[in-house]
Amino acid sequence: MTTASPRRTFAIISHPDAGKTTLTEKLLLKGGAIHLAGEVKARGQARRARSDWMKIEQQRGISVTSSVMTFERQGITFNLLDTPGHEDFSEDTYRTLTAVDSAIMVIDAARGIEAQTRKLFEVCRLRSVPIITFINKVDREGLSPFALLDEIADKLALDVSPRMWPIGMGGTYEGLHRIGDATAALPTAVQEEVELAQVGYPDFDVEAYQHGDLTPVFFGSALREYGVDDLIDAIATHAPPPHALPAEPAPVEPEHPEVTGFVFKVQANMDPNHRDRIAFMRLVSGTFRRGMKLTPTGHGKPIAIHSPILFFAQQRELADEAYPGDIIGIPNHGTLRVGDTLSERADVRFTGLPNFAPEILRRVALKDPTKTKQLRKALDDMAEEGVTQVFYPEIGSNWIIGVVGQLQLDVLLSRLDAEYKVAAGLEPSPYDTARWISASDPAKLKAFVDLNKGAMAKDRDGNPVFLAKSAWEVGYVADRYPDVTFAATRER
Ligand code: G4P
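Residue numbers for the sequence shown follow UniProt numbering, so the first one is 1 and each next one is one higher.
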C-alpha cells in the first residue's frame, strides 16, 4: 500500500506584474516539473490557441482560467493552485482560495501593497488562510525593507516577521541574510539594519502564522532565483498540511476514512469539439482510487470516476490515487457543479462556497427566436460553471444575467457565439442588483413573493431572487419586511 507524502496545497496571490508567473515557473523548475523557464507562459499560449473565447485572454493579455500544478521536492507534494489575476474574476479566485491551506503573497519591492494584493488578502483573511510574504525584485531598486514591512503591517493590519534580509538592493545587492544568524560578516550599515529589524518586529511564531495573524517575510528575486529556495523551505517547514474543513453535520478532518471533497471550479472547453467539462475537486479526506464511486450531495446518483486527472505541470496525468489536499480533475458533461460535495456516502456537505450578488445585470436579447432552447441551455451551463449567474423572471421571458465584472459579459457573448452558435446581445436591465430571499415562515415568504411578483425571479437552482433597482431599494424593502432575509451571497 502506498502511503501519502505530506501535502502543501497553496495559491499565490499578487497584483498583476508583481512576478507571480515568474515565481510559479521557478517553483516548478525547482520541483522538476518543467525544464525550461518560459514553459508556463508558452504552454499557456498553446492552450489558449485551442479555443475561440480564450482569444479574449490573448487580446487583453490576462489569464482568466485557473489551473493546478503539482510538483515534488524534499519528499513533499506541493499543489499550487493558480488564481486569475484580473479583478473581474474575483469570484472565481475566491472559490479557488477556499480550496487551499495557505497562500504566498508576492509583492513588488518597488511598489509595495497594491490594490489587487489587498483585495485578495482580504479574501484570505475571511477564511484565516495563513500567508507567507515574498517581496520580489530585490535585484532592482525598491523601497527600503523597513518601509515595505511597515506598509504590510499598516495596510493589512497584520504582524510581520522578517525571516531574510536583503544585503542591498538593485545595483548594491550582495545577497540575503538569514535573520537570527551571526551578523559579524555583514557590512556595518546592513548589520545595523538587521539588528534594528530583530528588535523592531515580532519573532516568528508558527501558531500566529497558522492562525493568519502574522506573516513571515522573505525577500528575493523570482527572475534571478534569489531567495526562492528559502521560500520553498518555508512552505515545506511551516505551511500547514491539509486541515479540517467546515461541513454539515460536522467539520471533516483529513483523517476521516471515507473519501470526501468539493468542487471549487468547473472549466469547460478544454477541447471545443467536445462539450466536456472538468470539475476541479479538492480532496478533503480519504484515499481516492480511480474508478471509485462518489455521490454528489443533494442531487444525482453515484458516479464512477474512471478517468480522474491529476495536474502535473507538464501534462495532465491520469490519477490512480489521490490524498487529502490533492486536486482531482473529473471530466463530466455538466452533472458536477461548483460547490458540490462529493463523497462515498452522501451524508456530508461542505459549506462556505458563496455566490456573490451580481453587480451588473443585463437582459439577454436573442437575435433568432428559434434558438430559445439553445440559449437556455447555454445560460444554464454557464451558470453551472460559475461564469455568470442567470435569473429567470416570474413574469415575462427576458432572461437576466448577472456578473460581478464586465469581463464576464465579454466571455459570455463570445462563448454563446463560438460554442452554442447563438447570436445574442445584451441590453440594459431595469435592475441593478439582486438578493436571495428566505424566511423562517414559508407563509411570510409567499406573501412577499406574491406582492412583489414583478421583481421576482428564480436562479438556476430555482431559488427565489428579488431584483432591485438599487441597493437603496433593497434597504427600503428589507425594512418593510423584517421577517424576510435578503442575502447578498448565497452558499451553494
Ligand atoms: P505576474 O504573473 O505577477 O503578472 O508577473 P510576471 O511574472 O509576468 O512578471 C512581470 C514582469 O516582472 C516581467 O517582466 C518579469 O520578467 C518581471 N519580473 C518578475 N520577477 C522579477 C524579478 O525578480 N526581478 C526583476 N527585475 N523583474 C522581475 P516583463 O518585462 O513585463 O515581461 P517579460 O517580457 O520579461 O516576460
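No residue lacks a Cβ here, since even glycine has one placed at the ideal position from N, Cα and C.
All of these numbers come straight from a predicted model, not from anything done at the bench.
Notebook entry, point to check: Do LYS119 and the ligand G4P come close, with the Cβ less than 7 Å from some heavy atom?
Noted result: For the purposes of this step, residue 119 is taken as the residue at position 119 of the sequence shown. Not so, every heavy atom of the ligand G4P lies at least 7 Å from the Cβ.
Check: What three-state label does DSSP hand GLN74 in the structure shown?
Finding: Taking the first residue of the sequence shown as position 1, residue 74 is located at position 74. Correct three-state label for GLN74: coil.
Next item on the list: Put VAL422 into one of helix, strand or coil per three-state DSSP.
Entry: The count along the sequence shown starts at 1 and reaches residue 422 at position 422. If DSSP states are grouped into helix, strand and coil, VAL422 belongs with coil.
Notebook entry, point to check: Whose CA, out of GLU253, LEU416, GLU255, ILE278, lies closest to the CA of LYS265?
Noted result: Working through the sequence shown from its first residue, we reach residue 265 at position 265. Considering only alpha carbons, the answer is ILE278.
Notebook entry, point to check: Under the rule that 16 or more other beta-carbon atoms within 10 Å means buried, what is GLY454, buried or exposed?
Noted result: By one-based count along the sequence shown, residue 454 stands at place 454. Its Cβ having fewer than 16 others within 10 Å, GLY454 is exposed.
Checklist line | Whole alpha helix (DSSP H) elements within the segment 96 to 165, 4-residue minimum | finding: 115 to 126, 145 to 156
Check: For ALA103, is the beta carbon positioned less than 7 Å from some heavy atom of the ligand G4P?
Finding: In the sequence shown, residue 103 corresponds to position 103, counting from 1. ALA103 Cβ: outside cutoff for every heavy atom of the ligand G4P.
Notebook entry, point to check: How close, in whole Å, do the beta carbons of ILE152 and LEU158 come, if the pair is a contact with beta carbons under 8 Å?
Noted result: Position 152 of the sequence shown, counted from the start, is the residue given in the question as residue 152. Position 158 of the sequence shown, counted from the start, is the residue given in the question as residue 158. The Cβ separation is near 6 Å, so the contact holds.
Check: Alpha carbon to alpha carbon, what distance is there between VAL138 and GLY170?
Finding: As a working mapping, residue 170 is identified with position 170 in the sequence shown. As a working mapping, residue 138 is identified with position 138 in the sequence shown. Between GLY170 and VAL138, the C-alpha separation is close to 6 Å.
Notebook entry, point to check: Using a threshold of 7 Å, is the CB atom of GLY19 nearer than that to any non-hydrogen atom of the ligand G4P?
Noted result: Stepping through the sequence shown from its first residue, residue 19 is reached at position 19. Yes; taking the cut-off as 7 Å, the Cβ of GLY19 has a heavy atom of the ligand G4P nearer than that.
Check: Okay, do the segment 421 to 430 and the segment 471 to 479 touch, 3+ Cβ pairs below 8 Å being the bar?
Finding: no
Check: Alpha carbon to alpha carbon, what distance is there between ALA322 and ILE232?
Finding: Taking the first residue of the sequence shown as position 1, residue 232 is located at position 232. Taking the first residue of the sequence shown as position 1, residue 322 is located at position 322. Distance between the alpha carbons of ILE232 and ALA322: 22 Å.
Notebook entry, point to check: Just to confirm, does PRO166 get its C-beta within under 7 Å of one of the non-hydrogen atoms of the ligand G4P?
Noted result: For this step, residue 166 is matched to residue 166 along the sequence shown. No.
Next item on the list: Report back the beta-carbon spacing between LEU300 and MET281 to the nearest angstrom; my notes put them in contact at under 8 Å.
Entry: In the sequence shown, residue 300 corresponds to position 300, counting from 1. In the sequence shown, residue 281 corresponds to position 281, counting from 1. The amino acid occupying residue 300 in the given sequence is Gly; Leu does not appear at that position. The pair is not a contact, with the Cβ atoms about 14 Å apart (cut-off 8 Å).
Note to self: Helix, strand or coil for PRO240? Go by DSSP, reduced to three states.
What the structure shows: Against the sequence shown, residue 240 aligns to sequence position 240. Here PRO240 sits in coil by DSSP.
Checklist line | Proximity of MET105 and SER14 at Cβ, strictly below 8 Å | finding: Position 105 of the sequence shown holds residue 105. Position 14 of the sequence shown holds residue 14. Contact flag set, yes.
Next item on the list: Mind listing, in chain order, the continuous alpha helix (DSSP H) runs of no fewer than 4 residues lying wholly within the segment 182 to 265?
Entry: 188 to 200, 206 to 210, 228 to 238
Next item on the list: Pull up the CB-CB distance for LEU361 and ILE309, whole angstroms please, since I reckon it's below 8 Å.
Entry: Counted from its first residue, the sequence shown places residue 361 at position 361. Counted from its first residue, the sequence shown places residue 309 at position 309. Between ILE309 and LEU361 the Cβ distance is about 35 Å, and since that is not below 8 Å, they are no contact.
Next item on the list: State yes or no: is the C-beta of THR22 nearer than 7 Å to some heavy atom of the ligand G4P?
Entry: Within the sequence shown, residue 22 is the residue found at index 22, counting from 1. Yes, Cβ of THR22 sits closer than 7 Å to a heavy atom of the ligand G4P.
Notebook entry, point to check: Does the beta carbon of ARG282 fall short of 7 Å from some heavy atom of the ligand NAP?
Noted result: Judged by which ligands are present, the ligand NAP is missing from the structure shown, whose ligands are the ligand G4P.
Item checked: Beta carbon of LEU409 nearer than 8 Å to that of ALA434 -> Numbered from its first residue, the sequence shown carries residue 409 at position 409. Numbered from its first residue, the sequence shown carries residue 434 at position 434. Taking 8 Å as the Cβ cut-off, LEU409 and ALA434 do not qualify as a contacting pair.
Check: For ARG224, which residues from the same chain have a beta carbon less than 7 Å from its beta carbon, with the 5 sequence-adjacent residues on both sides left out?
Finding: By 1-based counting over the sequence shown, the position of residue 224 is 224. Once the five neighbours on either side are set aside, the close Cβ partners of ARG224 are ASP139.
Item checked: Same chain, Cβ closer than 6 Å to TYR226, neighbours up to 5 away in sequence not counted -> Counted from its first residue, the sequence shown places residue 226 at position 226. Same-chain partners within the cutoff: GLY220.
Next item on the list: Helix, strand or coil for TRP53, going by three-state DSSP, please let me know.
Entry: Position 53 of the sequence shown holds residue 53. Here TRP53 scores only 39 on pLDDT, less than 50, and its place in the model should not be relied on; the value that follows carries that caveat. The answer is coil: DSSP assigns TRP53 none of H, G, I, E or B.
Check: Can you find at least 3 beta carbon pairs, one from the segment 412 to 428 and one from the segment 360 to 379, that sit closer than 8 Å?
Finding: yes
Note to self: Can you list, in chain order, the residues of its chain with a C-beta nearer than 8 Å to that of GLU258? Leave out the 5 residues immediately preceding and following it.
What the structure shows: Here residue 258 refers to the residue found at position 258 of the sequence shown. Closer than 8 Å at Cβ, skipping near neighbours: SER285, GLY286, SER343, GLU344, ARG345.
Next item on the list: With DSSP collapsed to three states, give me the class of ALA18.
Entry: Position 18 of the sequence shown, counting from 1, holds the residue named residue 18. DSSP places ALA18 in coil when its eight states are reduced to three.
Notebook entry, point to check: If you draw a straight line from the alpha carbon of THR297 to that of ASP340, how long is it in whole angstroms?
Noted result: Counting from 1 along the sequence shown, the entry for residue 297 is found at position 297. Counting from 1 along the sequence shown, the entry for residue 340 is found at position 340. Whole-angstrom Cα-Cα distance: 7 Å.
Notebook entry, point to check: Around the Cβ of ARG8, are there at least 16 other Cβ atoms within 10 angstroms (buried) or fewer (exposed)?
Noted result: In the sequence shown, residue 8 corresponds to position 8, counting from 1. The residue is buried, with at least 16 neighbouring Cβ atoms inside 10 Å.
Note to self: So if DSSP puts LEU407 in a beta bridge, which residue, or which two residues, is it bridged to?
What the structure shows: Mapped onto the sequence shown, residue 407 falls at position 407. LEU407 is not bridged to any residue.
Next item on the list: Output the distance between the C-alpha atoms of VAL252 and MET292, rounded to the nearest integer angstrom.
Entry: By 1-based counting over the sequence shown, the position of residue 252 is 252. By 1-based counting over the sequence shown, the position of residue 292 is 292. Approximately 19 Å between the Cα atoms of the pair.
Check: For GLU359, which of helix, strand or coil comes out of DSSP?
Finding: Your numbering for residue 359 matches position 359 in the sequence shown. Reduced to three states, the DSSP call for GLU359 is coil.
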